[in-house]
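So the structure is just underneath, and the comments pick up after that.
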Amino acid sequence: VAGVFVLSVGRAGALSLAMLSACVRCGSDVDMVGAWRLSDDSQMLAHNVGRYAPIPGTTLTFRADHTVTVENMPDWYWLGRPGGRKESGSGEWSLGGRDRTVVVLRIRLRRTGALWQSELRLQDGADGRRLVARLGDPDQRENFVFEQISEQEAHSETR
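Sequential numbering of the sequence shown, starting at 55, is according to my numbering.
Next up, the structure:
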């Protein structure tokens with residue numbers, strides 16, 4: 055909880071102290087564990103701007119032991135520019151930042167064997183929690199957004 059304290063003087067000089075609080079929800083390992091799917095809007099961005107063929111099954115799967123699997127991720131995420139390929143791999147994840155909302159991935163890509171480190175942001179959105187990955191030039195404001203999905207949905211995504 056974060057807050058601001060307000061000191062006020064009432065009638066007869068009585069002092070009162072109140073705290074105006076804003077709930078700031080920090081990330082936790084429990085929030086991360088499970089499967090996350092590339093949002094429909096992000097798939098449209100990948101297709102329309104990045105010129106990728108439709109990308110079914112783009113998922114991140116976070117496990118409690120801090121391992122992660124990435125499936126069918128457009129290489130735009132790794133390269134910072136569209137390259138037209140999809141990459142998969144596995145590695146580790148951790149939460150960082152003062153409020154534990156920075157998700158750090160260290161992934162070994164299957165196709166090339168390259169080791170990549172990247173960051174996503176854990177955010178609260180109108181439709182629940184989401185992971186946001188900035189793509190390339192920050193001035194372009196292009197992001198991939200991932201939404202948490204159920205285990206059942208995750209199994210159907212990979213088929």
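Backbone N, C-alpha and C define an ideal beta-carbon position, used for all residues, glycine too.
If you draw a straight line from the Cα of residue 177 to the Cα of residue 142, it is about 24 Å long. Look at residue 168 here: in three-state DSSP terms it is coil, with no helix or strand label.
Per the Cβ contact rule, the segment 137-151 is in contact with the segment 104-124 (3 or more Cβ pairs under 8 Å). Uninterrupted beta strand (DSSP E) stretches at least 3 residues long and entirely within the segment 106-149 occur at 113-116 and 121-128, given in chain order. For residue 89 against residue 113, the beta-carbon gap comes to about 5 Å, under 8 Å, which counts as contact. Ranking 97, 191 and 184 by CA distance to the CA of residue 87 puts 184 first. Out of 169, 83 and 167, the CA that lies nearest to the CA of residue 118 is found in 83.
Between the segment 104-111 and the segment 150-170, the count of Cβ pairs shorter than 8 Å is below three; the stretches do not touch.
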